[in-house]
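Novice:
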Amino acid sequence: MWCRIRVYPAGKAAMVPESGRLLKRCHNWSHLHISPPQVCHRMDSSRRFNRGVQTQGEMLMMTIRPVHHFLAARTLLRLCFVLLPRVVALFLCGLLLNASIARAEVGFEPGSGQLLLQRPGLPPEPALLQHSRFAVQIAGMVAVVRLQQTFENTSGDWVEGVYAFPLPGDAAVRHMEMRAGGRRIVGKVRERQEAQAIYQQAASSGRKASLVSQQRPNLFQNRIANVAPGETVSVELEFVQPVEFAQGRFSLRLPMTLTPRYIPGISLPRAENGAAEASYLAWHAATDQVPDAPLIAAWQHPRAGADALPLNPVDIAVELDAGLPLAQVDTPSHAMRLSREGSRYALQLARGPAEMDRDFVLRWTPATGSEPRAALFTEAVDGDHYGMLMVVPPALTQADTAIPRELVFVIDTSGSMGGVPLQQARHSLAAALDSLRPADHFNIIAFDHEYRSLFANSRQAVPDALRQARRFVSKLEAGGGTEMLPPLQHALQQGLATTNERLRQVVFLTDGAVGNEQAIIDMIAVRIGASRLFTVGIGSAPNSWFLREAAALGRGRHLHVGESSEVSTQIDALVDYLSAPLLTDVRVDWPQAVAEAGGPLPDLYAGAPLIRSVHFNTPPQAGVIRVSGRLNGQPWRQELELGGSAQQPARGVGSLWARARIQALLDERYTGAREAVIRANVLAVALQHQLLSPYTSFVAVEEQVSRPTDVPLKPDAVRNTRPGGQSSQGFAYPQTATTASSKLFFACLLLFVALLFWVMRGPELDHVPDDAKR
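Mapping the sequence shown onto our numbering, position 653 (from 1) lands on 804, and the numbers just tick up by one.
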């Protein structure tokens with residue numbers, strides 16, 4: 152209850168009631184409010200309150216002097232603390248309204264570093280348009296793909312186009328050609344620096360040229376110089392990739408777009424990073440952790456694509472010859488029209504060109520009784536003979552005594568996981584929690600720019616702990632950066648410090664959208680210890696190469712959840728991987744001398760085949776290939792007749808051996824090999840087989856000069872389409888695509904300032920009453 156006391160002129164005293172309450176200001180200087188506890192305020196001659204302790208029955212002395220000389224200061228305070236918040240509020244309303252209009256507009260604004268075409272009465276649009284066509288031929292376990300990228304210059308300028316695009320991480324890119332005006336120029340593989348010099352010289356001299364380089368094993372860049380106004384130029388690539396077989400089903404995945412990758416580290420000075428072209432190539436400059444950031448942080452369209460009116464249209468045609476009877480052929484990612492002739496299938500997009508906003512996925516299932524057990528695919532190239540062995544062990548059954556396990560789930564909640572990806576990740580994690588056995592121990596680590604754990608240490612999977620885990624998962628939200636290395640290192644480091652007898656398994660759920668993949672892979676190689684790492688790729692366009700490589704180094708398996716409808720099926724497969732016993736100590740004995748492409752043979756999980764590429768030192772001869780290992784702790788062996796009915800010719804096997812050999816050489820860095828030695832060995836293989844690699848590039852140059860040297864060449868970066876279902880990632884769009892984001896930021900900042908002034912102003916000060924002046 153409020154009390155009121157009289158304040159007397161200077162030198163007089165006011166008695167505080169015995170209740171001893173807090174002295175507060177009121178709007179009339181002649182009265183003061185009093186409230187608990189036993190604390191009072193004293194006022195000095197500058198009219199400022201000083202807090203002090205007031206005991207019961209004490210006399211409170213307050214000196215009050217006339218304040219006429221404070222009138223000017225009081226007027227300024229009124230302007231600052233009263234009028235300014237109101238002005239800011241009015242300005243804020245206008246800014247928010249303007250920002251909402253900007254967000255509603257579809258279009259682009261000049262100044263993003265991209266060449267834009269302005270037509271009368273229409274918003275600006277990119278001047279360089281891109282259209283892709285995939286022609287896929289599948290025979291057995293090998294797919295040969297021809298990718299044609301067509302670039303149309305709709306502007307009145309001479310253009311250099313730059314396009315960053317994804318390919319499968321295990322693809323062997325072995326052919327490139329450029330077509331312009333009916334002319335065909337075949338590209339050659341050169342050492343990377345040499346190819347860049349050839350391209351730059353051709354571009355500056357006015358000749359048409361194309362340069363295709365590998366920035367990551369699954370990320371490439373195509374540059375096309377001197378595209379004339381109104382001209383169309385196409386670049387065609389041919390690559391070979393192995394078909395995947397798991398859980399009794401074949402599958403092929405073709406990546407179509409990029410998930411924007413988080414770039415950690417401190418930006419380097421322009422003179423050091425050599426990124427003078429970054430303003431039009433990419434949304435991020437080089438950093439100390441990702442020095443090639445401008446080459447992998449490609450621009451994206453600011454609005455989502457749609458199949459009805461695609462931003463980056465793609466045509467897909469597939470010819471499938473599985474070599475065995477099939478029970479089902481399906482494409483969960485795209486609607487396809489299917490026709491069959493004997494054992495061959497032909498597939499085409501059912502509704503014409505589609506949007507490149509999601510990976511293309513094709514799956515086919517063998518008919519019952521036709522499941523593969525073992526096969527050898529061979530090819531002869533220029534007198535050299537190559538083979539690819541596939542062996543599928545018998546179905547593995549769970550051991551009679553379940554192995555005690557510790558499972559640590561690491562889930563990505565960064566901004567790139569916003570929207571459908573995080574929903575899929577939450578559902579996948581919830582389903583994995585349901586598979587835990589009572590004897591299992593588990594923990595959950597969620598991360599964005601920082602990480603937090605559900606428990607300090609893993610706990611037993613009892614009902615109370617599982618309830619806490621489900622509640623933790625349901626509250627996860629996407630936002631922030633993707634600092635992936637610290638949480639994964641923490642999860643693995645705990646395993647190194649653990650001495651229990653449990654089988655320790657780390658399950659990593661993420662889209663893999665980071666630029667420092669190699670640093671993370673290097674850390675895994677050092678800290679994996681006795682743990683096993685399983686990766687679950689989330690979303691319509693994850694960084695699959697990185698996740699596969701991480702799982703391979705972690706002696707685990709990788710799987711992908713691309714559609715919400717696949718969560719149940721894929722988590723069932725994950726549960727099988729986690730619970731089924733391993734086929735260990737795997738060994739292959741060949742009847743003749745061979746050069747194997749890869750390193751040590753991995754352990755095998757349920758439904759996973761053994762794939763091995765070899766180079767025969769002499770033509771294959773009759774003999775028996777023996778594959779052996781330990782299954783459920785018992786000896787196991789399977790044999791395959793070399794030259795028998797299980798041997799099949801397949802185009803592209805030689806290229807796959809060379810690609811696997813290059814990867815094996817690159818992996819020698821984990822065993823201490825010197826970079827110079829690795830580079831020399833990789834160059835030898837890549838140049839012999841004419842393959843793209845980290846140290847080689849394709850270059851094609853036209854002989855005749857197209858562009859007059861006095862006409863400028865304008866660069867233009869072709870934008871990728873945002874992955875389907877992903878929340879908007881403003882940083883990956885041209886900075887001036889719309890001003891809405893900056894307007895909303897300043898609106899929020901001004902709102903905070905207005906609130907700050909309002910809080911600081913306190914109650915309004917009034918004049919000193921006449922009777923107090925006497």
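Backbone N, C-alpha and C define an ideal beta-carbon position, used for all residues, glycine too.
Taking the alpha carbon of E668 as the point to measure from, which residue in G794, P637, G690, G823 has its own alpha carbon closest?
Specialist: P637
Novice: Just to confirm before moving on: does the CB-CB distance between E311 and P760 stay below 8 Å?
Specialist: no
Novice: Can you give the beta carbon distance from R708 to A748, rounded, assuming they're within the 8 Å contact cut?
Specialist: Between A748 and R708 the Cβ distance is about 20 Å, and since that is not below 8 Å, they are no contact.
Novice: Note the first and the last residue of the continuous beta strand (DSSP E) segment covering T686.
Specialist: Per DSSP, T686 is one residue of the beta strand (DSSP E) stretching across 683-689.
Novice: Considering only residues of the same chain and omitting the five flanking positions on each side of Q398, which have a CB-CB separation below 7 Å?
Specialist: A724, G758
Novice: Report yes or no: do the segment 495-502 and the segment 851-868 share at least 3 C-beta pairs separated by less than 8 Å?
Specialist: no
Novice: Identify whether G758 lies in helix, strand or coil by the three-state DSSP scheme.
Specialist: coil
Novice: The alpha helix (DSSP H) that contains R678, what's its start and end?
Specialist: 668-678
Novice: Per DSSP, what kind of secondary structure is M568 in: helix, strand or coil?
Specialist: helix
Novice: I need the DSSP call for T482, collapsed to helix, strand or coil.
Specialist: coil
Novice: List in chain order: all unbroken alpha helix (DSSP H) runs of 4+ residues lying wholly within the segment 715-780.
Specialist: Annotation: the segment 715-780 contains the following complete segments of the alpha helix (DSSP H) (minimum length 4 residues), in chain order: 718-730.
Novice: Following the continuous beta strand (DSSP E) through H536, name the residue where it begins and the one where it ends.
Specialist: It spans 535-542 - the beta strand (DSSP E) in which H536 sits, taken as one unbroken run.
Novice: E389 lies in the beta strand (DSSP E); which residues open and close that run?
Specialist: 383-393
Novice: Of all the options A473, A505, V324, which has the alpha carbon lying nearest to the alpha carbon of R495?
Specialist: A473
Novice: Grab me the residues of V324's own chain with a C-beta within less than 8 Å of its C-beta, minus the 5 sequence neighbours each way, in chain order.
Specialist: L318, V363, Q365, F371, L388, E389, F390, L842, L843, F849
Novice: Can you tell me which residues form a DSSP beta bridge with D472?
Specialist: A290, R495
Novice: If you follow the beta strand (DSSP E) that F659 is in, where does it begin and where does it stop?
Specialist: 654-661
Novice: Would you list the one or two residues that DSSP bridges to R488?
Specialist: R488 pairs with Q499.
Novice: The beta strand (DSSP E) spanning N377 covers which residue range?
Specialist: 370-378
Novice: Strictly by DSSP, which residues pair up with K339?
Specialist: V850.
Novice: Please determine whether the Cβ atom of D673 lies at a distance below 7 Å from any heavy atom of the ligand COA.
Specialist: You won't find the ligand COA in this model; it holds no ligand whatsoever.
Novice: Might you give, ordered along the chain, the residues of its own chain that have their beta carbon closer than 7 Å to the beta carbon of G320, omitting 5 neighbours on each side?
Specialist: P368, N369, S695, W696, R699
Novice: I'd like to know if the segment 325-335 and the segment 343-355 are in contact, where contact means that at least 3 CB-CB pairs between them fall below 8 Å.
Specialist: no
Novice: Whole angstroms is fine: what's the gap from L627's alpha carbon to T564's?
Specialist: 7 Å
Novice: Hey, how far is the Cα of R524 from the Cα of E601?
Specialist: 46 Å
Novice: Please classify R588 as buried or exposed, where buried requires at least 16 other C-beta atoms within 10 Å of its C-beta.
Specialist: exposed
Novice: Taking only three categories from DSSP, how would you classify F606?
Specialist: coil
Novice: Would you kindly check if the distance between the Cβ of L660 and the Cβ of D510 is under 8 Å?
Specialist: Not in contact: D510 and L660 (Cβ atoms no closer than 8 Å).
Novice: With Q300 and Q281 assumed to form a contact (beta carbons below 8 Å), what rounded beta-carbon distance in angstroms separates them?
Specialist: 6 Å
Novice: Who does D466 pair with in a DSSP beta bridge?
Specialist: Answer by DSSP bridge pairing, in chain order: R284.
Novice: Where do the ends of the beta strand (DSSP E) carrying R358 lie?
Specialist: 358-367
Novice: Does the Cβ of Q785 have 16 or more other Cβ atoms within 10 Å, making it buried, or fewer, making it exposed?
Specialist: Counting Cβ neighbours within 10 Å, Q785 comes out exposed, since fewer than 16 surround it.
Novice: So for Q440, helix, strand or coil by DSSP?
Specialist: coil
Novice: I'd like to confirm the pairing. Which residues does DSSP put opposite F396 in its beta bridges?
Specialist: F401
Novice: Have a look at A340 and T847 and give me their C-alpha separation to the nearest angstrom.
Specialist: Reading off the sequence, residue 340 comes out as Val, not Ala. Straight-line Cα distance between these residues: approximately 6 Å.
Novice: Taking C-alpha atoms, which residue in T686, S796, M407, V441 lies nearest to A576?
Specialist: T686
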